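Asks:
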Amino acid sequence: MRLDKYLCELNLGTRSQVKKDIKAGLVSVNGVLVLRPEEQVQAEEDSISYKGQPCIYEGYVYYLLHKPAGVVSATRDRQARTVLDLIVDKTRKDLFPVGRLDKDTEGLLLITNDGALAHELLAPNRHVEKEYECHLARPFDGKQRQMLDQGVDIGEKKPLEPAVVQILEDKKITLTITEGKFHQVKRMLHAVGNEVVYLKRIRMGPLVLEETLPRGAFRRLTKEEVESLKYDRSSHL
Ligand code: URA
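In the working numbering, each residue's number is its place in the sequence shown (first place is 1) plus 161.
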């Protein structure tokens with residue numbers, strides 16, 4: 162790829178800034194000063210330094226964010242803070258969230274630049290499990306459970322797939338779903354005569370939100386977690 166594109170991908174500046182920096186002699190490739198922004202480089206093989214510091218190029222990166230309420234699941238927003246603003250050690254500028262959580266929903270959000278994996282995880286026929294902790298306005302009862310077990314109608318073309326419910330307390334459950342419709346969990350609980358007052362995603366496929374990761378914090382996925390996402394075949398309900 163072109164040298165200026167490479168530096169841009171590493172989030173080192175806008176295209177015009179990095180072009181200026183290259184022309185000003187701030188970039189070397191394999192120990193040789195390069196003054197042409199269009200110089201072709203091998204991202205994974207050449208050793209490139211910028212302002213005297215070696216650049217570390219990673220093709221794909223994967224973060225698990227504990228999304229707090231109040232930030233939006235988008236790459237940009239005119240008013241609100243976005244989930245990407247929380248990834249403060251970004252080494253790439255092509256990151257995006259895999260799917261969305263509502264602004265007031267908290268919990269596990271995967272952030273990456275791996276479009277193919279994101280596509281796989283969001284594909285309806287992949288049935289990736291999403292598990293939510295739901296705090297409810299009213300006690301959860303057997304009737305509501307039965308309706309969710311059978312696949313509730315929330316006005317989509319077809320009734321939803323059956324959901325798996327675990328009762329934690331009178332007004333607290335976990336709900337596992339395999340689809341990703343707009344406001345799905347809130348609409349499901351509304352359809353069975355209850356209301357969600359607090360929602361947190363605690364799992365997506367094999368990825369689990371650990372209790373030790375504070376709200377607003379993030380971490381890189383381990384290699385094993387990335388592999389498990391690619392090859393997880395256990396996520397069918
Ligand atoms: N279902 C919802 O209603 N909201 C979310 O943020 C995620 C799932």
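Built from N, CA and C at the ideal position, the CB exists for glycine as well.
Given the structure is predicted, the values throughout are model-derived calculations rather than measurements.
1) What number of angstroms, rounded off, separates the C-alpha of L398 from the C-alpha of P285?
2) Hey, how far is the Cα of A352 from the Cα of L382?
3) How big is the Cα-Cα spacing for A241 and D263?
4) Identify every run of the beta strand (DSSP E) within the segment 177-218, keeping only runs that are complete inside it and at least 3 residues long; order them along the chain.
5) Going by beta carbon distance, what residues of the same chain come within less than 7 Å of V387, once the five residues before and after it are set aside?
6) Going by other Cβ atoms of all chains shown within 10 Å of its Cβ, with 16 needed for buried, is Q178 buried or exposed?
7) Can you list every residue whose CB sits closer than 6 Å to some heavy atom of the ligand URA, going in chain order?
8) Looking at P258 and V244, is the spacing between their C-beta atoms short of 7 Å?
9) Out of M365, Y167 and G354, state which residue places its alpha-carbon closest to the alpha-carbon of P198.
10) Assuming Q311 and P323 make a contact with CB atoms under 8 Å, what is their CB distance in whole Å?
11) For G268, name the three-state secondary structure that DSSP assigns.
12) Is there contact between the segment 317-332 and the segment 366-385, where contact requires at least three CB pairs shorter than 8 Å?
13) What is the C-beta distance between R380 and L225, in whole angstroms, given that I count them as a contact (C-beta under 8 Å)?
14) Would you report the Cα separation of E205 and R362, rounded to the nearest angstrom?
15) What residues are listed by DSSP as bridge partners for Q327?
16) Grouping DSSP H, G and I as helix and E and B as strand, with all else coil, what is H397?
Replies: If we stick to the structure as given:
1) Confidence at L398 is low in this model, with a pLDDT of 38, below 50, so the placement of that residue should be treated as unreliable; the coordinate-derived value is given next. Those two C-alpha atoms are separated by around 13 Å.
2) 36 Å
3) Near 13 Å, if we compare the C-alpha coordinates of D263 and A241.
4) 188-190 and 209-211
5) Y223
6) Its Cβ having fewer than 16 others within 10 Å, Q178 is exposed.
7) Those residues, listed in chain order, are L262, D263, T266, H344, Q345, V346, K347 and L360.
8) yes
9) Y167
10) 6 Å
11) strand
12) no
13) 6 Å
14) 35 Å
15) T335
16) Bear in mind that a pLDDT of 44 at H397, under 50, signals an unreliable position, so the model cannot answer this.
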